[in-house]
Amino acid sequence: MSVVPDTTTKITFTDNDTKFNSQGVTFIINPYDELALTKGLEIAEANGGAVTVCHVGPAASDAAIRKALSIGAEEAIRVDVEPIDSQFVAAQIAPIAKDYDLVLTGRESIDYNGGAVCGLLGAELNWPSINVVTEITVADGKATVEHDIDGGREVLEVSLPCVLSAQKDLCEPRIPNMKSIMQARMKPLNVVPATAASSESAYNSYSLPPAKQGVKLVDADNPAALIELLRSEKII
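Residue numbers in the sequence shown follow numbering that gives the first Met the number 0, run continuously in steps of one, and reach 235 at the last position.
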């Protein structure tokens, strides 16, 4: 599970635009990871079992982790280290995940949009991995999954253990109630040290996207001007 800035947060950078400024930022569970959590709970309820949330990050993430526990996870594990990149995160999760039957991730985080953890984690564990999954059925030690491909969707069957990443149509996220929020305070959140792992990438600088340009108005009685504008802006 990853945490990301709330979509209403104003993003700024520090140290000459080389670091993301987390001061005053509200972090939430990555929406795709929330879908993965919900589907994991549905699978556990249908087949028996328990759901553990795993997160790589500092103590500032604990509030979001507690929310995951209030949604229904039985316990949480936080690897106490700053997540550097997707390869580093996969390397931290792999020693923990090896003891489980099924690992669900989000298709990507909505901040960096890398979409790489699922495949990298599968490679670390030497397990099959399938990305952008929209349906999962688990039975008899196998998972039947439907996932997005170019131009449509494909149905695959894979033996457990495996790694799957959640696409937006997988399920509807659950909303915790007051009772589950109170119970989450008593559930274990285990903090473990990081394992030795190298980072294969580095961020040189950050920048905000270009500001939106103002609209261009065309008189309704002048369609030729509209057509010319669409051509000059390479829209048609």
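Using N, Cα and C, we set each Cβ at its ideal position, and we do this for glycine too.
Between the beta-carbon of E107 and that of Y31 there is about 6 angstroms, and that keeps the pair under the 8 angstroms contact cut.
Distance from the CA of F12 to the CA of P172, rounded to the nearest whole angstrom, comes to 31 angstroms. With fewer than 16 other Cβ atoms from the protein chains shown falling within 10 Å of its own Cβ, S198 counts as exposed. Straight across, the Cα-Cα distance linking V88 with S231 is about 45 angstroms. The Cβ atoms of L101 and C170 lie no closer than 9 angstroms to each other.
Straight across, the Cα-Cα distance linking I92 with A142 is about 21 angstroms. Taking a cut-off of 8 angstroms on C-beta distances, the segment 146 to 164 touches the segment 117 to 126, as three or more cross pairs fall below it. Residue environment for T104: buried (at least 16 other C-beta atoms within 10 angstroms of its C-beta). Unbroken beta strand (DSSP E) stretches of 3 residues or longer found wholly inside the segment 151 to 207: 151 to 158, 161 to 165, 188 to 191, given in chain order. Between L36 and A67, the beta carbon gap of about 6 angstroms places them in contact (Cβ cut-off 8 angstroms).
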